[in-house]
Amino acid sequence: MTGYFRQSRWQRKGELIEPTIFELSQGRKDGYYRFSIEKELFEEIENAKELIPEKLMREELNLPNLSEPEVVRHFSRLAEMNYGIDSGPYWLGSCTMKYNPKINERIAANPKVRQLHPYQPEETVQGALKIMYELGEMLGKITGLRHWTFQTSAGAHGEYLGCSIIRAYQLDRGEKQRDEMLIPLSAHGSNFASAAMAGFKVVKIPIDDKGCTDMAALKAAIGDRTAGMMITNPNTLGIFEEDILEIAELIHGAGGLLYYDGANLNALLGKVLLSEMGVDIAHLNLHKTFSTPHGTGGPGAGAVLVKDGLEDFMPIPMLREKNGRYYFDYNVPKTIGRVKAFYGNFEVLVKAWAYLKTLGSEGLRKVSEIAVLNANYAFAKIRKLKRVSVVYGEDKPRKHEFVVSLKGAKSEIDAPALHVAKRLLDYGLHPPTIYFPPVVEEAFMMEPTESDSKEDIDYYVEVMRRILEEELEKNPELVLNAPINSSIDRLDEVRAAREPILSWKIYVRHYKGKKA
Ligand SMILES: *Cc1c(COP(=O)(O)O)cnc(C)c1O
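Residue 307 is where the sequence shown starts when you use the working numbering, and the numbers rise one by one after that.
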């Protein structure tokens, strides 16, 4: 049966209804010959075969055998099943899913941007290098950290680079014994993994009732083995680490460096200089804060910035400017080397550049003001709902996001955060981040961002009220069986994590093979 007949998405609940493109084309031989224009194209390709030496020819190439409309419809059906930031609110705390202005996409899609090749000589790409350079200088101004690289293609990748620089710095000073990285429990989860991957022993620092780094515990943990500390600020509870200056002083006093996870800069843009907080190294996720949609691991850029004095450890090559000419400099004295081929995800950089150019410093300040206002407005309303509680920092304002606990609903249903999240889907809302950070039981981590209107926020709150205060009392089954309106119903997430089927061939071998 082909996808054509199966496109009624609500016919078969509980199954991925859209077949893969390979399944659709099974048994078909004529797909691309159906339209004369395509036929001509393929005849040309057939003729071109004479030009290719025999030994370079493939014997077989298993491409799907479909016509253009069949392919378009297949991908359109898949796109309709998807939920994106262009579909509705997407409060995925710590991930900053905000609206990305289409003009930036259009600029990045310009053929002059798209068709560049990384092996082009520098003289032919001066404009592109200028964009990268200007972006670096703007981010330098926003953070107060003057040296930057765009080589890292994700936030965690930036953390890994930052940790590598910290190690190189300590070795350079002859401090080989410094093998410990201090990380508060309110930091992003990737920090712990990146530090461990870079070879550090991770020392976890507890947090206090205010939701901030526990200062007594920090003081007790600092010692001659301290290489540095990684801090996320505002932290993953959305709370500003108010002791940041004292933390920086303690770490520096002990001979360490302070790494700052700036993946979500939405609350601080144009407001606070990281350099003034005593930060030595930071990464910013251009694919969260600076206009590249993120999620499902799309192309990213974890720009890394360092303060004066650490520039000699940066990865090669560094982009520089001299007399109006831009060039890559491989002469970085104590470089840690390369962490990626070429110079980063250029189109992501173009979007960030366009975003900053169009907003300007006033616009950026407005972004952070509205992001903080929206988060606090939503927080004030949601914390008042029945069964919702606030665990840390009860009387503290939030920055870009907030975390509430749904453990108050445990008397009605098990695992309420999971079930309520699924029920939100039925109202056309993307659920927030759940069960993170792990310090909050039944955590709901919500980040409205600056792109949602007051009406969007009020709708989200009203849906939460309806689920938590009406449905859970009158009809908990509805919540337990959610979602019922989405294109597919609840997935077996545990099995998906334990037995990931990442290629069509494995899928066929394991599942279709068994059935047959
Ligand atoms: C998303 C995020 C990261 C990791 O970024 P990736 O690009 O997903 O690797 C790190 N820290 C914080 C605070 C984040 O929100």
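Every residue gets a Cβ at the ideal spot worked out from N, C-alpha and C, and that includes glycine. All figures in this text were calculated on a predicted structure; none of them were measured in a lab.
When you compare only the Cα positions, how much space is there between residue i and residue j?
i	j	result
leucine 575	arginine 671	6 Å
glycine 320	aspartate 798	With a pLDDT of 44 at glycine 320, under the threshold of 50, the modelled position of this residue cannot be trusted; read the value that follows with caution. Glycine 320 and aspartate 798: Cα-Cα distance of roughly 10 Å.
phenylalanine 311	isoleucine 327	For phenylalanine 311, the predicted model reports a pLDDT of 38, less than 50, meaning its position is unreliable and no value from the coordinates is stated.
threonine 641	histidine 453	13 Å
glycine 333	glutamate 366	16 Å
valine 377	tyrosine 466	40 Å
glutamine 630	lysine 436	Per the sequence shown, the amino acid found at residue 630 is glycine instead of glutamine. Their backbone Cα atoms lie some 9 Å apart in a straight line.
leucine 551	isoleucine 557	10 Å
serine 674	asparagine 570	11 Å
lysine 760	glycine 561	47 Å
leucine 357	arginine 364	14 Å
arginine 318	histidine 725	Any reading at arginine 318 must be qualified, since the residue scores a pLDDT of 45, below 50, and its modelled position is unreliable; no value is offered.
aspartate 710	proline 623	First, the residue type needs correcting, since residue 710 is valine and not aspartate in the sequence shown. The alpha-carbon atoms of valine 710 and proline 623 are separated by roughly 44 Å.
cysteine 518	glutamate 547	6 Å
tyrosine 636	tyrosine 683	49 Å
tyrosine 698	phenylalanine 708	10 Å
methionine 307	proline 325	Below a pLDDT of 50, predicted positions are generally treated as unreliable, and methionine 307, at 32, falls in that range; no measurement from the model is reported.
glutamate 827	leucine 691	A query on residue 827 cannot be resolved here, the shown segment of the chain reaching from 307 to 822 and no further.
serine 382	valine 746	39 Å
aspartate 549	arginine 704	16 Å
tyrosine 632	leucine 625	7 Å
isoleucine 528	tyrosine 766	43 Å
alanine 385	aspartate 392	12 Å
valine 509	isoleucine 489	6 Å
alanine 533	leucine 563	7 Å
tyrosine 566	leucine 477	21 Å
proline 744	lysine 594	22 Å
asparagine 410	alanine 658	8 Å
For the beta strand (DSSP E) containing residue i, list its first residue and its last residue.
i	result
isoleucine 437	No beta strand (DSSP E) contains isoleucine 437, which is instead part of the alpha helix (DSSP H) from 432 to 449.
arginine 420	Element bounds for arginine 420: not the beta strand (DSSP E) but the alpha helix (DSSP H), 417 to 420.
methionine 387	No beta strand (DSSP E) contains methionine 387, which is instead part of the alpha helix (DSSP H) from 374 to 387.
glycine 568	563 to 568
isoleucine 489	486 to 490
phenylalanine 750	749 to 752
aspartate 409	The question names aspartate, but residue 409 in the sequence shown is isoleucine. Careful: isoleucine 409 lies outside any beta strand (DSSP E), inside the alpha helix (DSSP H) at 408 to 414.
lysine 510	507 to 511
Please report the residue range of the alpha helix (DSSP H) in which residue i lies.
i	result
histidine 453	Careful: histidine 453 lies outside any alpha helix (DSSP H), inside the beta strand (DSSP E) at 453 to 455.
phenylalanine 596	From DSSP, phenylalanine 596 is part of no alpha helix (DSSP H); its letter is neither H nor E.
arginine 804	799 to 804
alanine 460	Where alanine 460 is concerned, there is no enclosing alpha helix (DSSP H), given that its DSSP letter is neither H nor E.
asparagine 334	Contrary to the premise, residue 334 reads as arginine rather than asparagine in this sequence. Note, arginine 334: premise wrong, no alpha helix (DSSP H); not H, not E.
glutamate 552	550 to 559
phenylalanine 634	Looking at the DSSP string, phenylalanine 634 is not in any alpha helix (DSSP H); the run it does join, the beta strand (DSSP E), is 631 to 635.
valine 726	722 to 732
isoleucine 391	Element bounds for isoleucine 391: n/a, residue is neither H nor E.
arginine 771	760 to 771
alanine 715	That residue, alanine 715, is in no alpha helix (DSSP H); it is neither H nor E in DSSP.
glycine 495	495 to 503
Give the secondary structure of residue i by DSSP, where H, G and I count as helix, E and B as strand, and everything else as coil.
i	result
threonine 664	helix
lysine 577	coil
aspartate 530	coil
proline 782	helix
leucine 808	coil
valine 709	strand
isoleucine 351	helix
methionine 624	strand
lysine 640	coil
proline 789	coil
glutamate 324	coil
valine 654	helix
alanine 609	strand
isoleucine 794	coil
isoleucine 545	coil
alanine 588	strand
serine 400	coil
lysine 821	Any reading at lysine 821 must be qualified, since the residue scores a pLDDT of 43, below 50, and its modelled position is unreliable; no value is offered.
isoleucine 537	strand
isoleucine 471	helix
serine 757	coil
Using beta carbons (cut-off 8 Å, strictly below), is residue i in contact with chain D?
i	result
glycine 615	Of the protein chains in the structure, only one exists, and it is not chain D.
Item to check | Touch test, the segment 755 to 762 against the segment 666 to 682, Cβ-Cβ under 8 Å, three pairs minimum | outcome: yes
Checklist entry - If you pair each beta-carbon of the segment 444 to 458 with each one of the segment 645 to 662, do three or more pairs fall below 8 Å? => result yes
Next on the checklist: Would the segment 489 to 509 count as touching the segment 527 to 542 if we require 3 or more Cβ pairs under 8 Å?
Outcome noted: yes
Item to check | Given 8 Å, three or more beta-carbon pairs between the segment 477 to 487 and the segment 726 to 740 | outcome: no
Checklist entry - Within the chosen definition, does the segment 736 to 749 reach the segment 393 to 401 through at least 3 CB pairs nearer than 8 Å? => result Short answer: they touch.
Checklist entry - Is there contact here, the segment 466 to 481 with the segment 502 to 515, by at least three beta-carbon pairs under 8 Å? => result yes
Item to check | Segment contact, 8 Å Cβ cut-off, at least three pairs: the segment 418 to 433 with the segment 580 to 588 | outcome: These segments do not touch.
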